[in-house]
Amino acid sequence: MFSQLNYTTISVLFLAAFLFEHALWKSPGVGALLAAVFFLFFGSHLGRRILPEEPRVWQTCWGGTLLLSALMILGTAIYYLAFLPPDLWVLVVLLTPVAVWLIHPHARHWRLPRLSLQHHRIPATTLALLSFGLILLVTALDLLRQTDIFDAVRSPWERIPPEVLWIAALLYLILVVLCWRGRERALTLPYTVLVALLTVGVAAVVYPLGFGFDSFLHQATESHIAEFGTIDPKPFYYIGQYVAVLFLHQGFHLPLVVVDRFLLPILAGVLLPLAFFFTASHLTKHRSSAFFAILSFFLLPLSTFIVTTPQGLANLWILLLILLSLPHLAGRGGLGLGGLTLLAMTSVAIHPLAGIPAVIYLALVTIRTWSTMKFERSRAPLFWIVSILGAFAIPVAFLVSSAVSGLTLSFDFAALAPAELFRSSNINLVFQSGFNTLLDFVYLLDANLLLMFIVVALFTSIKMRHLLPPTIILPLTMTVIVAINYVVLKSAVDFTFLIDYERSNYSARLVTLLFFFLVPYLILFFIWLHENTVRRGLLPKLLLTLILTAILTSQFYLHYPRRDNYETSHGFNTGTADILAVEQIHADAPPNYIVLANQQVAAAAVSTYGFARYYGDVFYYPIPTGGELYQYFLKMNTSPNRETARAAQDLAGVGTAYYVVNDYWWQAPRLIETAKSNADDWFALENGRVHVFRYDR
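Below you can see the structure in the form of structure tokens.
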């Protein structure tokens, strides 16, 4: 009774503060505080109902995660049925206390050992290490904040001081030492989260204008939906992310661009280290081994989490699904099928390329673990039917989508012949070498990382097969299913509606999922490694510590675009010169015009003016790159002339076209001089960083 009264009192006080802030105060700072209270308080009470045997920290963490999942699913359903009015989020917040209270607790018969009950004096060396680590974190953050990148560069490492990498190496070294010790959970876990936030948060800090290309489009879409409640035509994907951003923006008055910029790095940096420890602590009785397994998180290719995109956010949810399903598969508590279903459906609501594998995995988990499933003899046939159908689900989904949308896809069965598959495998990349010892190590690791994960998975599956139930093999089954989808998508499906160099993008995204489904075996390997090394004396531990520190630092470098002797990123970030060019064109142009420019200038236009002009199906900047307008831009980049500009004008039915040349384009000097000779007018900006040429009929 006292607990219910306490819940009711705090809920009423929170709702009163929320309504006051929403109607009168409208402060982003207060809104951020209220949003944190919303997810922590109501998430904690939701967690008590679905995870009653777990410690409070896990109830709060996974209750808050499932609360956000439910909001994204609910918002997605409402969007497709109608639209998203701003006041919807007020209603959602007001109804949340009642909805959480109505959920009945679900009791389990398994309880996690109370690892935190062993009290002891914290050694001075541990406190000194943590203090030094915090000083290093503050120093690294200060260096990154001073790095603000406003011009167009290929890689953030061109501007970030090299000291940041050395600081990162020290941070990882401290982390490895603390994980070897495996105690002081209340101190080590927060430190791990802070290091994880630094690991995935560099781009969000050093690119004030935004990073990449897709994020600008999604921010513009979110802004449009925030203003009008919908966007026409309604996209089939991405709505889960838009709902999360709009909930925080319209419900708590947080700036939309700031929410979008930091949403995924913060969620990934906080939730994933905790999920790794939660999972490991349910797979081993040794606390120190569970701590050591956290290090496996930093071995993953985390570039999918460095900027908020629907694909990255959906990847986060499918990785959480995989991790949080392991205790359930092992029969050791954790989330039940209801919570796992919520995670899978959230991934579907955000992006189908992660959502489809999430649903397949959920189906396999359900078939193998649902104790009340009727017709026990049908379990095995049903498992194989789902597995076989799932192995081709993503290519089939693309074919169905292309038929519905009218986009052109071609399918080549001959490309699936073994000889063709071997020819296109690029196996020589595994054995690449260079001329710099440090970078040789970094890129050798990068080229062989997936192979290492596969070897570890096979080793762990054999070595620990007697210690865990057979259901733990399910993630490895999903690895095979995703691999088949990848091979078919990469080799046999040709995305002819995309520009040539983007046609492998979709299949490349499945490689990330391969890593994710191998994660359970990486965690088990780290548990085994710790338990078999900790008793062997100081030298093996010291050697392994240095190796892990080198690997983790290398991975940190590899998470971001690079420009070195081994690899050069093909993309540039959007800079102030691009935004200035867009603004000057807007000021100079008549009411109807088109612009032939690269993706980053187009991103600046969308960020500044949204989806301002369409001529039929033609956007006034060349988006997407597979569209006809972009083809005219490519022709102008070969030879700027009035005939190509006139053809682009005819496509959109306008009388004015602008052609934009950035100075980083390798042919820029020739293109600029040629365009000067045949354009009606031109101007240069930012000391020649951008040249703009005007063509009139």
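Heads up, the sequence shown is in this note's numbering, so the first residue is 27 and it goes up one at a time. For glycine and all other residues, C-beta sits at the position ideal for the given N, C-alpha and C. On a predicted model such as this, the values are computed, not experimentally measured, just so you know.
Cross-strand partners of residue i (DSSP beta bridge)
i: residue 645; result: 640
i: residue 686; result: 718
i: residue 707; result: 720
i: residue 589; result: 594
i: residue 676; result: Note: residue 676 sits in no beta bridge, so no partner.
Residue i classed as buried or exposed, judged by whether at least 16 other C-beta atoms fall within 10 angstroms
i: residue 472; result: buried
i: residue 57; result: buried
i: residue 246; result: buried
i: residue 555; result: buried
i: residue 279; result: buried
i: residue 140; result: Low confidence applies here, because residue 140 scores a pLDDT of 45, under 50, leaving its location unreliable and the question unanswered by this model.
i: residue 685; result: buried
i: residue 151; result: exposed
i: residue 227; result: buried
i: residue 51; result: exposed
i: residue 44; result: buried
i: residue 27; result: Its pLDDT being 49, under 50, residue 27 is placed unreliably by the model, and the measurement read from it follows with that caveat. Counting Cβ neighbours within 10 Å, residue 27 comes out exposed, since fewer than 16 surround it.
i: residue 254; result: exposed
i: residue 707; result: exposed
i: residue 588; result: buried
i: residue 510; result: buried
i: residue 143; result: The predicted position of residue 143 is uncertain, since its pLDDT is 46 and thus under 50; a value taken from the coordinates is nonetheless stated next. Label assigned to residue 143: exposed.
i: residue 516; result: buried
i: residue 183; result: buried
i: residue 208; result: buried
i: residue 53; result: exposed
i: residue 396; result: exposed
i: residue 223; result: buried
i: residue 248; result: buried
i: residue 267; result: buried
Distance between beta carbons of residue j and residue i, contact taken as under 8 Å
i: residue 225; j: residue 585; result: 7 Å
i: residue 344; j: residue 542; result: 6 Å
i: residue 537; j: residue 476; result: 7 Å
i: residue 356; j: residue 498; result: 6 Å
i: residue 243; j: residue 600; result: Not confirmed; about 12 Å, so no contact.
i: residue 287; j: residue 232; result: Not quite, the Cβ-Cβ distance comes to about 12 Å (not below 8 Å), so this is no contact.
i: residue 681; j: residue 614; result: Going by Cβ atoms, the distance from residue 681 to residue 614 rounds to 14 Å, so no, they are not a contact pair.
i: residue 336; j: residue 264; result: 4 Å
i: residue 372; j: residue 95; result: 4 Å
i: residue 390; j: residue 412; result: 6 Å
i: residue 363; j: residue 392; result: 6 Å
i: residue 366; j: residue 351; result: 6 Å
Alpha helix (DSSP H) segment containing residue i, residue limits
i: residue 271; result: 265-278
i: residue 121; result: 114-128
i: residue 622; result: Not the alpha helix (DSSP H): residue 622 falls in the beta strand (DSSP E), residues 620-622.
i: residue 413; result: 405-416
i: residue 657; result: 654-664
i: residue 162; result: 150-171
i: residue 362; result: Run containing residue 362: none; DSSP gives neither H nor E here.
i: residue 604; result: 602-614
i: residue 308; result: 282-309
i: residue 207; result: 189-207
i: residue 626; result: 625-635
i: residue 336; result: 336-355
i: residue 571; result: 564-584
i: residue 177; result: Per DSSP, residue 177 belongs to no alpha helix (DSSP H) and is neither H nor E.
i: residue 108; result: Counting along the chain, residue 108 falls outside any alpha helix (DSSP H), and DSSP gives it neither H nor E.
i: residue 474; result: 463-489
i: residue 691; result: Per DSSP, residue 691 belongs to no alpha helix (DSSP H) and is neither H nor E.
i: residue 724; result: Lying before the first or after the last residue shown, residue 724 is absent from the chain, which here runs from 27 to 723.
i: residue 328; result: Premise fails: residue 328 is in no alpha helix (DSSP H) and is neither H nor E.
i: residue 388; result: 378-395
i: residue 313; result: 313-319
Contact with chain D by residue i, beta-carbon distance below 8 Å
i: residue 696; result: The chain labelled as chain D is not found in the depicted structure, where only one protein chain is given.
Cβ-heavy atom distance, residue i to the ligand FAD, below 7 Å
i: residue 92; result: No copy of the ligand FAD appears in this structure; indeed no ligand is present at all.
*Residue ranges of each beta strand (DSSP E) run of no fewer than 3 residues wholly in the stretch 48-104, ordered along the chain?*
none
*In chain order, which continuous runs of the alpha helix (DSSP H) of length 4 or greater are located wholly inside the stretch 232-268?*
240-254
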